[in-house]
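Under our numbering, the first residue of the sequence shown is numbered 26, with each subsequent residue one higher. Positions of the beta carbon are idealized from the N, C-alpha and C atoms, including for glycine. Predicted model only: the values in this text are computed from it and were never measured.
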Amino acid sequence: MTKRLREVEQEIRRCSRCGQCRSVCPVFAESLVESHVARGKIALAGAALDESLDVSRTLSNRMSLCLNCKTCIENCPAEVRVDEIVLAARDHLHEKGKNPFLKHAFIDNVWTRGRVFARFVQTASRMQPLLFKRGEGGGGTARIPLAGVDSERRIPMFESRSLLSRIPEVISPEGKPRMRVALFVGCATNWVYPGIGESMIRVLVDSGVEVVIPRGQECCGVPMLNAGDFDRAGKQMEKNRAIFAGHGYDAVVTGCASCGLALKKEMEEILETGPYLPQVPVYDFTELLAREIGVEPGALDKTVRVTYHDPCHLNRGQGITAEPREVLQSIPGVEFAEMPEADRCCGGGGLFSLSHYDVALKIGSRKAESIRETGAHIVATTCPACMIQLTDAIARSGQDVRVMHVAELLVRKLTSNE
Ligand code: SF4
Ligand code: SF4
Numbered sequence: 026m027t028k029r030l031r032e033v034e035q036e037i038r039r040c041s042r043c044g045q046c047r048s049v050c051p052v053f054a055e056s057l058v059e060s061h062v063a064r065g066k067i068a069l070a071g072a073a074l075d076e077s078l079d080v081s082r083t084l085s086n087r088m089s090l091c092l093n094c095k096t097c098i099e100n101c102p103a104e105v106r107v108d109e110i111v112l113a114a115r116d117h118l119h120e121k122g123k124n125p126f127l128k129h130a131f132i133d134n135v136w137t138r139g140r141v142f143a144r145f146v147q148t149a150s151r152m153q154p155l156l157f158k159r160g161e162g163g164g165g166t167a168r169i170p171l172a173g174v175d176s177e178r179r180i181p182m183f184e185s186r187s188l189l190s191r192i193p194e195v196i197s198p199e200g201k202p203r204m205r206v207a208l209f210v211g212c213a214t215n216w217v218y219p220g221i222g223e224s225m226i227r228v229l230v231d232s233g234v235e236v237v238i239p240r241g242q243e244c245c246g247v248p249m250l251n252a253g254d255f256d257r258a259g260k261q262m263e264k265n266r267a268i269f270a271g272h273g274y275d276a277v278v279t280g281c282a283s284c285g286l287a288l289k290k291e292m293e294e295i296l297e298t299g300p301y302l303p304q305v306p307v308y309d310f311t312e313l314l315a316r317e318i319g320v321e322p323g324a325l326d327k328t329v330r331v332t333y334h335d336p337c338h339l340n341r342g343q344g345i346t347a348e349p350r351e352v353l354q355s356i357p358g359v360e361f362a363e364m365p366e367a368d369r370c371c372g373g374g375g376l377f378s379l380s381h382y383d384v385a386l387k388i389g390s391r392k393a394e395s396i397r398e399t400g401a402h403i404v405a406t407t408c409p410a411c412m413i414q415l416t417d418a419i420a421r422s423g424q425d426v427r428v429m430h431v432a433e434l435l436v437r438k439l440t441s442n443e
């Protein structure tokens with residue numbers, strides 16, 4: 026029995042099997058399969074712990090059917106830490122060699138090797154236009170039938186130059202800076218949405234903040250953690266710690282909800298290795314603006330109806346819901362419209378949609394219908410991973426709705442024909 030699974034034994038035993046999680050789990054809502062909901066997964070983890078269940082690929086598949094959206098935890102009367110149990114079970118499966126081979130080969134040989142990963146993405150960015158056609162509103166659809174790729178799916182398109190390679194390491198405002206922050210970029214912002222990073226930097230520098238973007242920073246480690254590879258996740262944390270330690274700053278800021286959760290507490294809680302970046306506070310971009318800096322955004326060229334999607338890792342993960350709405354509503358020209366179930370998971374779940382696209386698609390279409398009800402022209406959010414999923418869900422629903430990060434909306438000058 027692996028150490029991590031033993032460590033969550035008490036947590037497993039705390040589940041009373043009341044079944045309340047069945048009414049809130051987005052995966053269970055689509056499948057109605059007991060082993061897809063928290064209660065079922067906890068029972069499976071308990072059986073693996075008692076060694077009354079074989080460690081198999083089927084078990085691995087069941088454990089992978091969780092978005093780590095934390096909705097079950099929020100609604101559980103006993104506040105059972107389902108996330109810790111599922112991750113410990115994935116770690117156990119990884120130790121036993123039962124997790125998907127290709128995913129782990131990619132993590133081991135590419136994703137956790139900074140230069141190799143950069144070369145991989147650059148090559149992919151050159152190949153993608155041959156295979157995928159850029160679509161209105163973002164992402165690309167396959168030009169030819171590709172094995173394992175739904176013909177209508179919007180795939181994120183990589184940039185040939187990362188954000189980190191396009192900008193200087195330190196960007197200073199005019200005059201004496203009011204504070205100095207370090208930007209934690211994250212993989213999706215670095216390679217898919219560099220505009221988010223550029224927008225955050227512009228807003229911060231215009232507000233008198235000096236921004237340092239430490240060179241050599243890598244993936245935060247969350248994909249490795251979610252894949253059950255705790256060793257690789259810990260190594261990513263150590264690499265980033267060393268890189269950030271070489272710079273002086275007052276705070277760390279990120280525009281990615283999942284990176285923010287990892288840096289603030291998730292890695293520390295799961296890996297028990299102390300704070301990710303010690304001694305300074307970590308902020309989500311909207312949190313930093315709303316709580317510390319304040320911002321006076323320029324007016325949009327015309328009134329635009331905007332709705333907001335709560336990323337699970339910002340809302341349930343970090344307890345941040347008011348700040349992004351406050352920032353959005355401060356933009357003259359934004360007509361804010363709350364969507365039904367704004368905090369319902371979009372179905373992205375990091376790499377979840379890669380292995381369970383059928384489920385992600387169903388969850389995403391519910392979100393697209395919530396967006397439709399608002400009549401919004403723009404859906405704003407604070408997580409690039411959610412943006413990938415929302416772009417696909419909205420395109421598939423046939424709506425003409427733009428997906429934007431709050432930071433992009435802050436710097437955007439809308440032209441009259443948009
Ligand atoms: S995880 Fe919580 S809500 Fe779900 S069955 Fe167990 S105790 Fe009940
Ligand atoms: S974290 Fe989300 S997807 Fe996973 S079991 Fe809980 S509610 Fe379901």
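Beta carbon of residue i nearer than 8 Å to that of residue j
i: valine 305; j: aspartate 326; result: no
i: arginine 29; j: histidine 117; result: yes
i: glycine 144; j: glycine 165; result: Reading off the sequence, residue 144 comes out as arginine, not glycine. Not a contact, by the Cβ cut-off of 8 Å.
i: threonine 399; j: threonine 346; result: no
i: aspartate 309; j: glycine 285; result: yes
i: valine 278; j: valine 237; result: no
i: phenylalanine 67; j: isoleucine 37; result: A small fix is needed here, since residue 67 is isoleucine in this sequence, not phenylalanine. In contact: isoleucine 67 and isoleucine 37 (Cβ atoms closer than 8 Å).
i: glutamine 424; j: glycine 389; result: no
i: valine 436; j: glycine 163; result: no
i: arginine 341; j: lysine 95; result: yes
i: valine 33; j: alanine 103; result: no
i: proline 336; j: alanine 282; result: yes
i: leucine 171; j: leucine 156; result: yes
i: arginine 115; j: glycine 253; result: yes
i: leucine 69; j: serine 60; result: yes
Three-state class that DSSP yields for residue i in the structure shown
i: histidine 334; result: coil
i: asparagine 442; result: A caution first: asparagine 442 carries a pLDDT of 36, below 50, which makes its placement in the model too unreliable to give a value.
i: methionine 182; result: coil
i: glycine 342; result: helix
i: methionine 429; result: strand
i: methionine 364; result: coil
i: isoleucine 238; result: coil
i: alanine 172; result: coil
i: valine 436; result: helix
i: isoleucine 67; result: helix
i: threonine 406; result: strand
i: valine 329; result: strand
i: cysteine 3; result: There is simply no residue 3 to check, as the chain begins at 26 and stops at 443 in what is shown.
i: tyrosine 382; result: helix
i: glycine 389; result: helix
i: arginine 18; result: Within the shown structure, residues of the chain are numbered from 26 to 443, placing residue 18 beyond reach of any answer.
i: cysteine 411; result: helix
i: proline 125; result: coil
i: arginine 138; result: coil
i: alanine 401; result: coil
i: serine 422; result: helix
i: arginine 38; result: helix
i: alanine 143; result: helix
Residue i: CB within 7 Å of a non-hydrogen atom of ligand 2
i: valine 340; result: The residue asked about is misnamed: residue 340 is asparagine in this sequence, not valine. Asparagine 340: no, Cβ never under 7 Å from ligand 2.
i: cysteine 46; result: yes
i: valine 210; result: no
i: proline 102; result: no
i: alanine 63; result: yes
i: cysteine 411; result: no
i: cysteine 94; result: yes
i: valine 307; result: no
Distance cut-off 7 Å: residue i Cβ against heavy atoms of ligand 1
i: isoleucine 295; result: no
i: valine 431; result: no
i: alanine 113; result: no
i: valine 277; result: no
i: serine 41; result: yes
i: valine 105; result: yes
i: isoleucine 37; result: no
i: cysteine 91; result: no
i: cysteine 97; result: yes
i: isoleucine 67; result: yes
One or two residues paired with residue i in a DSSP bridge
i: aspartate 309; result: Thr279
i: isoleucine 356; result: For isoleucine 356, which the question treats as bridged, DSSP gives no partner whatsoever.
i: phenylalanine 131; result: Answer is none; phenylalanine 131 lacks a bridge partner.
i: arginine 159; result: Gly165
heavy atom of ligand 3 below 7 Å from residue i C-beta
i: alanine 252; result: Looking for ligand 3 in the displayed structure turns up nothing; the ligands present are ligand 1 and ligand 2.
Task: 3 or more residues per run - each beta strand (DSSP E) lying fully within the region 189–225 - done: As summarised for the region 189–225, the continuous beta strand (DSSP E) elements at least 3 residues long and confined to that stretch are 204–209, given in chain order.
TODO: For the region 67–120, list the alpha helix (DSSP H) runs that are entirely contained and at least 4 residues long, ordered along the chain.
DONE: The qualifying runs are 82–89, 96–100 and 107–120.
Task: Segments assigned beta strand (DSSP E), at least 3 residues, entirely inside the region 249–295 - done: The qualifying runs are 276–279.
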